[in-house]
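Right, one structure below, let's go through it.
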Amino acid sequence: MKNMGVVGGGLMGSGIAEVSARAGQDVVVVESGEEAAKAALGRLERSLERAAAKGKIDSVDEVLGRVRVVTDLDAVADRDVVVEAIVEDEAAKVALFRQLDTIVTTPDAILASNTSSIPIMKLGVVTSRPQQVIGIHFFNPVPVLQLVELVPSLLTSGDTTERSRAWVQDGLGKQAIDCQDRAGFVVNALLIPFILSAIRMFESGFASAEDIDRGLVLGAAHPQGPLALADLIGLDTTKAVAESLYEEFKEPLYAAPPLLQRMVDAGLLGRKTGRGFYTYG
Ligand code: NAI
Numbered sequence: 034m035k036n037m038g039v040v041g042g043g044l045m046g047s048g049i050a051e052v053s054a055r056a057g058q059d060v061v062v063v064e065s066g067e068e069a070a071k072a073a074l075g076r077l078e079r080s081l082e083r084a085a086a087k088g089k090i091d092s093v094d095e096v097l098g099r100v101r102v103v104t105d106l107d108a109v110a111d112r113d114v115v116v117e118a119i120v121e122d123e124a125a126k127v128a129l130f131r132q133l134d135t136i137v138t139t140p141d142a143i144l145a146s147n148t149s150s151i152p153i154m155k156l157g158v159v160t161s162r163p164q165q166v167i168g169i170h171f172f173n174p175v176p177v178l179q180l181v182e183l184v185p186s187l188l189t190s191g192d193t194t195e196r197s198r199a200w201v202q203d204g205l206g207k208q209a210i211d212c213q214d215r216a217g218f219v220v221n222a223l224l225i226p227f228i229l230s231a232i233r234m235f236e237s238g239f240a241s242a243e244d245i246d247r248g249l250v251l252g253a254a255h256p257q258g259p260l261a262l263a264d265l266i267g268l269d270t271t272k273a274v275a276e277s278l279y280e281e282f283k284e285p286l287y288a289a290p291p292l293l294q295r296m297v298d299a300g301l302l303g304r305k306t307g308r309g310f311y312t313y314g
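Residue numbers for the sequence shown follow the working numbering, so the first one is 34 and each next one is one higher.
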């Protein structure tokens, strides 16, 4: 599979486009409008420039030459694999999968979602080809983190799962683990309640954000603390994943604390808006 498409060129979509283009794939990124497309291209360029400065790629232009950023979803019609990476909103993703089903004409094309928490089944059943719909869940930052979770629904074919595995492992050089189609899969089902606990601890005044994060970095050898990680993920995405987990399991440990909700209401979304638990330049 050499032709890939990404729908949504945000934090994750631009990263997925980058690793695909760096692996030699022909890449189409679809964004929702001209401004967002410009932002997606800018993100990609800056990340490739950082990779070139570190000697990880020879030429930014060579990699960028394999990428088209467009606003017309029809551009993914001929793709072998399309990865959806739009906002974590079930209604938006369902609507998009309906559209992809009518647009993508490649026989056996894989229609993948990078969702963190929305059941793959809900996306598969709105298409005429649920056997070709799968979760391919990358981790942030995509060019750095090796893991991909493969999430077949009950209706995904074994062939789709194995071709997806070959694509991420042999094609992109990532490492895959297999997960059941349950909200949060493996990593977020463990990580999100941990982050929510840290937010509750901070909210209660038990410890400062800096001390909570330093505690986990220095005491548990985490590369960064849970509040800095929430800022990196994006507080809107963190809240959306928590809500999906709560909806699925109805366990209090998945309930988004009021502070997280207020910060999202305020637009304090973490690194991407310059302020979350920390302030960024
Ligand atoms: P983001 O907010 O940075 O990017 C979403 C992008 O999708 C935006 O650029 C937006 O303009 C675009 N978009 C929205 N609707 C669209 C449409 N109909 N067509 C085309 N483009 C559209 O969000 P982020 O963080 O990249 O998350 C994307 C997905 O990846 C979500 O499902 C999220 O749960 C998942 N994810 C996020 C991770 C993270 O650490 N942020 C990690 C792993 C998965």
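For every residue, glycine included, the Cβ atom is placed at its ideal position computed from N, Cα and C. Quick caveat, the model's predicted, so the values are computed rather than measured.
*Beta carbon of valine 184, beta carbon of isoleucine 153: below 8 Å?*
yes
_So, with DSSP's three-state summary, where would you put phenylalanine 218?_
coil
*asked:* According to DSSP, is threonine 271 part of a helix, a strand, or is it coil?
replied: helix
*alanine 84 to lysine 283, Cα distance in whole Å?*
42 Å
*Examine the ligand NAI and report whether any of its heavy atoms sits within less than 7 Å of the Cβ of phenylalanine 239.*
no
*Could you check the C-alpha separation between valine 175 and threonine 271 for me, to the nearest Å?*
17 Å
_Given 7 Å as the limit, tell me if threonine 306 has its C-beta closer than that to any heavy atom belonging to the ligand NAI._
no
*asked:* Are there any heavy atoms of the ligand NAI lying less than 7 Å away from the beta-carbon of alanine 199, as far as the coordinates show?
replied: The answer is no for alanine 199.
*Return yes when the Cβ of alanine 216 is within less than 8 Å of the Cβ of glutamate 121, no when it is not.*
no
_Given the structure, does isoleucine 119 come close to the ligand NAI, in the sense that its CB is under 7 Å from one of the ligand's heavy atoms?_
With a threshold of 7 Å, the Cβ atom of isoleucine 119 counts as near the ligand NAI, since some heavy atom of the ligand is closer than that.
*Is the CB-CB distance between glycine 42 and glutamate 64 below 8 Å?*
In contact: glycine 42 and glutamate 64 (Cβ atoms closer than 8 Å).
*asked:* Following a CB-centred definition, is phenylalanine 171 positioned closer than 7 Å to any heavy atom of the ligand NAI?
replied: yes
*Between the Cα of glycine 66 and those of Ala54, Leu81, Ile119, Val100, spot the shortest distance and give me the residue it belongs to.*
Ile119
_Anticipated Cβ contact below 8 Å, arginine 196 with isoleucine 143, distance rounded_ = 6 Å
*asked:* Considering just the uninterrupted stretch of the alpha helix (DSSP H) at glutamate 82, what are its terminal residues?
replied: Its alpha helix (DSSP H) spans residues 67-86.
_Measuring straight from C-alpha to C-alpha, what distance separates valine 60 and aspartate 244?_
So the two alpha carbons sit approximately 42 Å from each other.
*What are the residues that DSSP puts in a beta bridge with aspartate 59?*
Asn36
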